[in-house]
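These notes concern the structure reproduced below.
Protein chains: 2
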Amino acid sequence: MATVPPAHLTPRKRPRQARATVTVDAIFEATIQVLLADGPNRLTTTRVAQRAGVSVGTMYQYFPHKQALLYALNERYLEIVAEKVERACEAQHGASIGQMVDALVGAYWEAKTVRSDVTRALYRSAVELDTESLIEAFGRRVDAATAAMLASAADADFADPSVVNTTLLTAIFGAVRSVFERNLPSALGGEVRGQLVVMCRSYLEAVKKEPERAAPGGPATANRTVIDDAG
Amino acid sequence: MATVPPAHLTPRKRPRQARATVTVDAIFEATIQVLLADGPNRLTTTRVAQRAGVSVGTMYQYFPHKQALLYALNERYLEIVAEKVERACEAQHGASIGQMVDALVGAYWEAKTVRSDVTRALYRSAVELDTESLIEAFGRRVDAATAAMLASAADADFADPSVVNTTLLTAIFGAVRSVFERNLPSALGGEVRGQLVVMCRSYLEAVKKEPERAAPGGPATANRTVIDDAG
DNA sequence: CCAGTATATGAAGGATCATTCAGCTTGAGG
DNA sequence: CCTCAAGCTGAATGATCCTTCATATACTGG
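If you're matching them up, the sequences are chains A and B in order. Residue numbers for the first sequence follow the numbering used here, so the first one is 1 and each next one is one higher. Residue numbers for the second sequence follow the numbering used here, so the first one is 232 and each next one is one higher.
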């Protein structure tokens, strides 16, 4: 992440030899497994170490305490996701909003799905203040990327781009989280993914400003009925 | 909730005198406060008792263990939310999808907002297996209510109502959660709420089946462009 | 092959925490 | 006013856990 981690959360030392790298990876992997198998309450340093096939002491050579381990895990993960989303957004500059939504949902969904176990584990990991700020930073970063993308749309602009952007991300982040937590069968999950794209597209269509040449009546305003139809 | 709680999670005894009721309420309230102030990791029986102004022993007269306390708290809360949503849905049978969305989002949002501290606290409370099944039950219950409502819509029906329903709820649940976790300023939160309605409405419009009298072309199909526009 | 550094070990210290229980206080009914 | 049940107390218990450190092993450059 762009943010510098607070001093008390920085790793103790970095692995220099190959086997050390293996060890650290094993520790991360074990953390995920314990989180999934035993839940955050039973996430014990000893348990993690045992599952990683190392001793507790080894873990403390790389992380000053348990909190720092979780912090590093989140950091690592969010960095990857953020980068993927950023790249996807940049690739869509100047495209149509339909394509943008496709790319955004696709990238985010894929990033969360490649290692769905990690995603689930981190959703489940208890949210402490530290990780909360990590997540906030992640949010701002993605926010900026998508805002820039939307601003460059070839076929639409919005009266209040900031609100539209926030809404879009809120819905996408939330929907994805919901799918993971409700543990929907992957077939249904896939369907929801498709529907999510439809939803976001129709939303953007509904809130985009009418093109300059606003002809009175006609199909161009048909989408508007969606908003004006008072409930 | 409709589901009978597992034996090991049932309260030890119910309060019979007035002061006992006060005590139990104080314990619930204290749990929320500790959860918010100190996080789930520092949610200690002693801390809760102290904050509630009672002794640890008192808490153990009503709850066999910490887990049961959290279970009861979730149960209480989800029951209220579920009932509100159910009522709102029933009131909309036969209405238009626009009104339904308004009512559904409104009811859910309101239910989560009346005591936003509780909502936040429970989102944060570590997800254990027990509470997970509670949440699942809640999901099924709301699912049934909204599905029945949508099926009765006066102005639309859907090719795959089940998927549409799941998507709708996934998006709403998720978006609301996102808003709470990102702790958006309440002004922005309100705007997102409004936008969420727009989003859901335009989604339902986009996926609804064409009315029988399908005239070729014409404004009736204009909404369809939203889906067909390949990305 | 050797010295020096990196890495790994795991028993032990110290702290926190969930849960119990024997005794105390308060309220209700008679 | 008395009695009994309901309600409350909090020190003590036993378990669990985080973290350290003295010691041992593996690697690397020379």
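We put the CB at the ideal spot given by N, CA and C, even for glycine. All values derive from a computational prediction rather than experimental measurement.
Within-8 angstroms CB hit, residue i to chain B
{"i": "A:Ala126", "result": "yes"}
{"i": "A:Tyr108", "result": "no"}
{"i": "A:Glu86", "result": "no"}
{"i": "A:Leu150", "result": "no"}
{"i": "A:Gly39", "result": "yes"}
{"i": "A:Pro211", "result": "no"}
{"i": "A:Gly190", "result": "no"}
{"i": "A:Gln195", "result": "yes"}
{"i": "A:Val179", "result": "yes"}
{"i": "A:Gly139", "result": "yes"}
{"i": "A:Val118", "result": "no"}
{"i": "A:Ser202", "result": "yes"}
{"i": "A:Arg224", "result": "Any answer about A:Arg224 is weak, because its pLDDT of 41 lies below 50 and its placement is not dependable; what the coordinates show is given next. It does not: the Cβ of A:Arg224 has no partner Cβ on chain B nearer than 8 angstroms."}
{"i": "A:Arg182", "result": "yes"}
Residues sharing a beta bridge with residue i, DSSP
{"i": "B:Phe411", "result": "Bridge partners of B:Phe411: none, in fact."}
{"i": "B:Pro439", "result": "The question names Pro, but residue 439 of chain B in the sequence shown is Lys. Note: B:Lys439 sits in a beta bridge opposite B:Phe389."}
CB contact below 8 angstroms: residue i versus chain A
{"i": "B:Thr241", "result": "no"}
{"i": "B:Ala398", "result": "The amino acid occupying residue 398 of chain B in the given sequence is Thr; Ala does not appear at that position. Closer than 8 angstroms to some Cβ of chain A, the Cβ of B:Thr398 qualifies, so yes."}
{"i": "B:Ala446", "result": "Low local confidence applies: a pLDDT of 46 at B:Ala446 is under 50, so the model's placement there is unreliable, with the coordinate-based value given in what follows. False, the Cβ-Cβ gap to chain A never drops below 8 angstroms."}
{"i": "B:Pro416", "result": "no"}
{"i": "B:Gly405", "result": "yes"}
{"i": "B:Gly288", "result": "no"}
{"i": "B:Thr401", "result": "yes"}
{"i": "B:Val394", "result": "yes"}
{"i": "B:Val253", "result": "no"}
{"i": "B:Val429", "result": "yes"}
{"i": "B:Val373", "result": "no"}
{"i": "B:Gly462", "result": "Any reading at B:Gly462 needs caution, since the residue's pLDDT is 33, under 50, leaving its predicted position unreliable; the model's value is listed next. So yes, B:Gly462 belongs to the interface."}
{"i": "B:Pro237", "result": "no"}
{"i": "B:Glu436", "result": "yes"}
Inter-residue Cα distance where the pair is residue i and residue j
{"i": "A:Met199", "j": "B:Asp386", "result": "19 angstroms"}
{"i": "A:Gly174", "j": "B:Thr401", "result": "8 angstroms"}
{"i": "B:Arg455", "j": "A:Thr3", "result": "Interpretation of B:Arg455 is limited by its pLDDT of 41, a score under 50 that renders its predicted location unreliable; the figure taken from the coordinates is listed afterwards. Each residue's alpha carbon lies about 43 angstroms from the other."}
{"i": "B:Gln281", "j": "B:Lys297", "result": "15 angstroms"}
{"i": "A:Arg87", "j": "A:Val114", "result": "17 angstroms"}
{"i": "A:Met59", "j": "A:Leu43", "result": "14 angstroms"}
{"i": "B:Phe369", "j": "B:Ala378", "result": "14 angstroms"}
{"i": "A:Val164", "j": "B:Val287", "result": "49 angstroms"}
{"i": "A:Glu90", "j": "A:Thr167", "result": "20 angstroms"}
{"i": "B:Leu240", "j": "A:Lys84", "result": "43 angstroms"}
{"i": "A:Val197", "j": "B:Leu335", "result": "21 angstroms"}
{"i": "B:His324", "j": "B:Leu360", "result": "35 angstroms"}
{"i": "A:Ala144", "j": "B:Arg413", "result": "15 angstroms"}
{"i": "A:Tyr123", "j": "A:Arg14", "result": "26 angstroms"}
{"i": "A:Asp25", "j": "B:Pro442", "result": "57 angstroms"}
{"i": "A:Asp18", "j": "A:Ala7", "result": "The sequence given here has Ala at residue 18 of chain A, not Asp. Cα-Cα distance, rounded: 26 angstroms."}
{"i": "A:Gly189", "j": "A:Ala72", "result": "29 angstroms"}
{"i": "A:Pro185", "j": "B:Gly270", "result": "32 angstroms"}
{"i": "B:Gly178", "j": "B:Ala342", "result": "Because residue 178 of chain B is not part of the residues shown, which for chain B are 232 to 462, the question remains open."}
{"i": "A:Thr45", "j": "B:Asn272", "result": "15 angstroms"}
{"i": "A:Thr131", "j": "B:Arg247", "result": "43 angstroms"}
{"i": "B:Asp403", "j": "A:Asp102", "result": "What sits at residue 403 of chain B in the sequence shown is Ile, not Asp. Computed Cα separation, rounded: 20 angstroms."}
{"i": "B:Arg186", "j": "B:Ala418", "result": "Because residue 186 of chain B is not part of the residues shown, which for chain B are 232 to 462, the question remains open."}
{"i": "B:Pro236", "j": "A:Ala52", "result": "36 angstroms"}
{"i": "A:Ser162", "j": "A:Arg120", "result": "29 angstroms"}
{"i": "A:Ala82", "j": "A:Glu136", "result": "12 angstroms"}
Distance between beta carbons of residue j and residue i, contact taken as under 8 angstroms
{"i": "A:Glu191", "j": "A:Leu134", "result": "With 8 angstroms as the limit, A:Glu191 and A:Leu134 do not qualify as a contact, their Cβ atoms being about 31 angstroms apart."}
{"i": "A:Val54", "j": "A:Thr23", "result": "6 angstroms"}
{"i": "A:Ser202", "j": "B:Ala437", "result": "4 angstroms"}
{"i": "B:Lys440", "j": "B:Asp391", "result": "With a Cβ gap of about 10 angstroms, B:Lys440 and B:Asp391 do not count as contacting."}
{"i": "B:Leu267", "j": "B:Ser356", "result": "About 10 angstroms separates the two Cβ atoms, so there is no contact after all."}
{"i": "B:Phe231", "j": "B:Ser347", "result": "Nothing about residue 231 of chain B can be read from this structure; chain B reaches only from 232 to 462."}
{"i": "A:Pro11", "j": "A:Tyr62", "result": "6 angstroms"}
{"i": "B:Leu328", "j": "B:Ala384", "result": "Per the sequence presented here, residue 328 of chain B reads as Ile, with Leu not at that position. Going by Cβ atoms, the distance from B:Ile328 to B:Ala384 rounds to 5 angstroms, so yes, they are a contact pair."}
{"i": "B:Met331", "j": "B:Leu300", "result": "Going by Cβ atoms, the distance from B:Met331 to B:Leu300 rounds to 37 angstroms, so no, they are not a contact pair."}
{"i": "B:Ile263", "j": "B:Val358", "result": "Their Cβ separation, rounded to whole angstroms, is 16 angstroms, which puts B:Ile263 and B:Val358 out of contact at 8 angstroms."}
{"i": "B:Tyr339", "j": "B:Val279", "result": "With a Cβ gap of about 29 angstroms, B:Tyr339 and B:Val279 do not count as contacting."}
beta-carbon residue i near the ligand ADP non-hydrogen atom, thresh 7 angstroms
{"i": "A:Arg12", "result": "Looking at this structure, you won't find the ligand ADP or any other ligand, since it has none at all."}
Minimum length 4: unbroken alpha helix (DSSP H) runs contained in the region 111-136 of chain A: List check, alpha helix (DSSP H) in window: 116-124.
4 or more residues per run - each alpha helix (DSSP H) lying fully within the region 247-291 of chain B: 249-269 and 276-283
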